[in-house]
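When we follow my numbering, the leftmost residue of the sequence shown carries the number 153, and every step to the right adds one.
Each residue gets a CB set at the ideal place from its N, CA and C atoms; glycine is no exception.
What follows is a set of notes on a single structure, which appears directly below.
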Amino acid sequence: MAGSNIDYEQIFKNIPIAVRAVSKDKVVVAANKEMAALTGVPIEKAVGMPCYEQFGGELCETACPLEQGMAGEKVVLEAEKQRTDGSPVLVRLYAGPLVSDDGEIMGIVESYVDVTHEHEDEERIMAFQRELLEVSTPVITVWDGVVSVPIMGTLDSERTQLVMENLLEAIVAREAEVAIIDISGIGTVDSAVADHLIRTAKAVRLVGAVPILTGINANIAQTIARLGIELEGLKTMSTLRDGLRYAISLQSGEK
């Protein structure tokens, strides 16, 4: 930068992450070898290049760090950037104003950390957790035209959605007429759990099957009564065996 005596090469060379300095005119005035490795642009070529050409992306148009830095703000965010060859990289950006000895903001200093692998690991973990949930909520054919899904543990919004998707897919694929939702393995039922069950039952009706809720023990029945929860016409039975008998009776036309 004009009028600056800062020795960026000495400052940047020992920093173990990608760093660059950008002038208020959006020109790269310094970068280290880690920045060169991240962007694919050699240091000697990067210096003098517009910052958005060295390391561009949507961020440059929507929330330019330079503009925030020139306003005296510090920036910490994650965003997808693009190397000069067009390949994307997910980074964590730290940026702040570069201030001269007399207090003038001359530009910004940006540091970048490649977090692509972190997010890939998080996505793999989430996929694994979803697989575990699917294994823990199997849809079983218990009789001709009757499917059942046993629910163990807790029932939150995410798991409700998974149960609903798996159950509806099974009903359609197996042409089931009755779906038994067994909650024997759920420790407690509160208004939130009841709402999840009602949503699932409504979805079952929408695909043309009859929902039956089994596993209503004394404690759960008392809780439902105490909270004034209305299961809106959902057929409830105390045991899975009772539910299956009822389902068979529906199949045979009995009541």
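Three-state secondary structure (DSSP) at residue i?
| i | result |
| --- | --- |
| Ala409 | Residue 409 is absent from the model: the chain starts at 153 and stops at 407. |
| Met222 | helix |
| Ala247 | strand |
| Pro217 | helix |
| Ile372 | helix |
| Leu365 | strand |
| Gly297 | coil |
| Val179 | strand |
| Ile303 | strand |
| Ser336 | strand |
| Lys387 | strand |
| Gly395 | helix |
| Ser239 | coil |
Check this for me: beta carbons of residue i and residue j, under 9 Å apart or not?
| i | j | result |
| --- | --- | --- |
| Ile323 | Ala361 | yes |
| Ile338 | Met304 | yes |
| Glu232 | Val241 | yes |
| Thr375 | Leu392 | no |
| Val261 | Ala173 | yes |
| Pro202 | Val180 | yes |
| Met133 | Tyr246 | Past the edges of the chain, shown from 153 to 407, lies residue 133, and the structure says nothing about it. |
| Ile368 | Ser390 | yes |
| Leu379 | Asp347 | no |
| Leu402 | Glu329 | yes |
| Thr293 | Asn318 | no |
| Lys226 | Gly208 | no |
| Asp414 | Ser309 | Shown here, the chain extends from 153 to 407; a query on residue 414 therefore has no answer. |
| Ala399 | Val298 | yes |
Per DSSP, what are the beta-bridge partners of residue i in this structure?
| i | result |
| --- | --- |
| Glu93 | Lying before the first or after the last residue shown, residue 93 is absent from the chain, which here runs from 153 to 407. |
| Pro290 | In DSSP, Pro290 forms no bridge with anything. |
| Ser263 | Val171 and Tyr246 |
| Ile257 | Val251 |
| Pro194 | BP columns for Pro194 are empty, so no partner. |
| Gly208 | Gln234 |
Taking the straight line between their C-alpha atoms, what separation do you get for residue i and residue j?
| i | j | result |
| --- | --- | --- |
| Ile372 | Leu396 | 20 Å |
| Val291 | Asp273 | 29 Å |
| Glu327 | Leu358 | 14 Å |
| Thr340 | Leu349 | 13 Å |
| Trp295 | His269 | 46 Å |
| Val356 | Glu382 | 18 Å |
| Asp254 | Ala198 | 28 Å |
| Met258 | Met278 | 43 Å |
| Lys185 | His271 | 24 Å |
| Lys165 | Arg235 | 21 Å |
| Thr352 | Arg311 | 11 Å |
| Glu169 | Ala182 | Note that residue 169 is Ile in the sequence shown here, rather than Glu. Rounded to whole angstroms, Ile169 to Ala182 spans 14 Å at the Cα level. |
| Ala314 | Leu386 | The question names Ala, yet the displayed sequence has Leu at residue 314. Going from the Cα of Leu314 to the Cα of Leu386 covers about 20 Å. |
| Gln206 | Cys212 | 11 Å |
| Ala344 | Asp177 | 55 Å |
| Ser404 | Ser336 | 26 Å |
| Tyr204 | Leu307 | 47 Å |
Touching or not, the stretch 217 to 224 and the stretch 189 to 198, by the rule of three or more beta carbon pairs under 8 Å?
no
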